[in-house]
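**Q**
Numbering (our numbering), first residue to last: 54 to 352.
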């Protein structure tokens, strides 16, 4: 796709105000999570994520099948993450004889530690050199960078402080529209999913598109070190020590971290208190389009 066209699309995205996405029909993806679905999904029509500062949000879509993946990457293991989401999208696309893979990348800014630039370089490198079979013979194996709005292209400056222009995006899996977005609700199990990230877990798939079910867990971790110490700290200490970009975080960052730390204190051994049966928490959309937990024994 011509560079001028990509630049025009990125500029258009950057100029749009963030839309507020309500929970009906939404699958919210947290950091180190991904979800894949298709336009045939009767439960989920929107995939989205936000609160990305140095993190990047990736949308990967196959134009033939419409299979769409959204993930929220933080640079923990970019090579493995790219391989995982590529394989996941292609698993929904192997029955189509046409189409191509399109990748859309949004996130980062000119942060002082240059973490955004490092992640940008990793993602562009891994997608560019991802091994595909016979790309010249089968156009469905081509990767097209449809647009990217990364680091310096997503940077704004205010009183000598740098911020991201876009913190979050959503993709409509029916129409393929991508737009800046915020999400009033980030559940279900927001604290549980955030606790998993804070304890260092790897990227995981949270959605079964064939069953149209959200699967959370089972997750296991050891007691979080010095959790009481962190809960006693003031907001500034938490911001400075538990954020990759303290000056650019959204206003709710500290309250979110405190809630996650409190959850970790309450559940030091999730194998006992949260997942004693080693089964995931399963959710389906109800008639109102909202997540509702279902008993795994009834599935």
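Glycine is no exception: its CB is placed at the ideal position from the N, C-alpha and C atoms.
Buried or exposed: which applies to residue 68, given that a residue is buried once 16 or more other Cβ atoms fall within 10 Å of its Cβ?
**A** exposed
**Q** Alpha carbon to alpha carbon, how far is residue 288 from residue 185? Give it in angstroms, no decimals.
**A** Per-residue confidence for residue 185 stands at a pLDDT of 47, beneath the threshold of 50, marking its modelled position as unreliable; no derived number is given.
**Q** In three-state DSSP terms, what is residue 283?
**A** helix
**Q** Looking at the structure shown, is residue 254 part of a helix, part of a strand, or coil, going by DSSP?
**A** Coil, per DSSP.
**Q** Following the continuous alpha helix (DSSP H) through residue 138, name the residue where it begins and the one where it ends.
**A** Taken as a continuous stretch (DSSP letters only), the alpha helix (DSSP H) holding residue 138 covers 131 to 144.
**Q** Below 8 Å CB to CB, which residues in the same chain sit around residue 273 once its five sequence neighbours on both sides are set aside?
**A** 323, 324 and 328
**Q** Starting from residue 171, follow the alpha helix (DSSP H) in both directions and report where the run begins and ends.
**A** 168 to 181
**Q** Taking contact to mean at least 3 C-beta pairs separated by less than 8 Å, is the stretch 219 to 239 in contact with the stretch 254 to 271?
**A** Cβ pair count under 8 Å is below three, so no.
**Q** Looking at C-beta atoms only, is the number of pairs between the stretch 152 to 163 and the stretch 101 to 115 that lie closer than 8 Å three or more?
**A** yes
**Q** Would residue 222 and residue 232 qualify as a contact pair, given that the criterion is a beta-carbon distance under 8 Å?
**A** Against a cut-off of 8 Å, the Cβ pair of residue 232 and residue 222 comes out as a contact.
**Q** Could you pull the start and end residues of the beta strand (DSSP E) that residue 114 belongs to?
**A** Judged by DSSP secondary structure, residue 114 falls within the beta strand (DSSP E) whose first and last residues are 109 to 115.
**Q** Using a 10 Å radius around the Cβ and a threshold of 16 neighbouring Cβ atoms, would you call residue 220 buried or exposed?
**A** By the 10 Å Cβ count, residue 220 comes out buried.
**Q** In terms of alpha-carbon separation, which member of 166, 335, 181 and 98 lies closest to residue 136?
**A** 181
**Q** Would you kindly work out how many angstroms separate the C-alpha atoms of residue 179 and residue 142, rounded to a whole number?
**A** 16 Å
**Q** Taking 8 Å as the threshold, find out whether the stretch 295 to 310 comes into contact with the stretch 100 to 111 through three or more Cβ pairs.
**A** yes
**Q** Report the start-end ranges of each alpha helix (DSSP H) in the stretch 301 to 346 that is 4 residues or longer and not cut off at the edges.
**A** 306 to 319 and 323 to 326
**Q** When the Cα atoms are used, what is the spatial distance from residue 176 to residue 208?
**A** 18 Å
**Q** Nearest CA to the CA of residue 98: which residue from 88, 78 and 108?
**A** 78
**Q** Please identify the residue among 345, 326, 216 and 279 whose C-alpha is closest to the C-alpha of residue 314.
**A** 279
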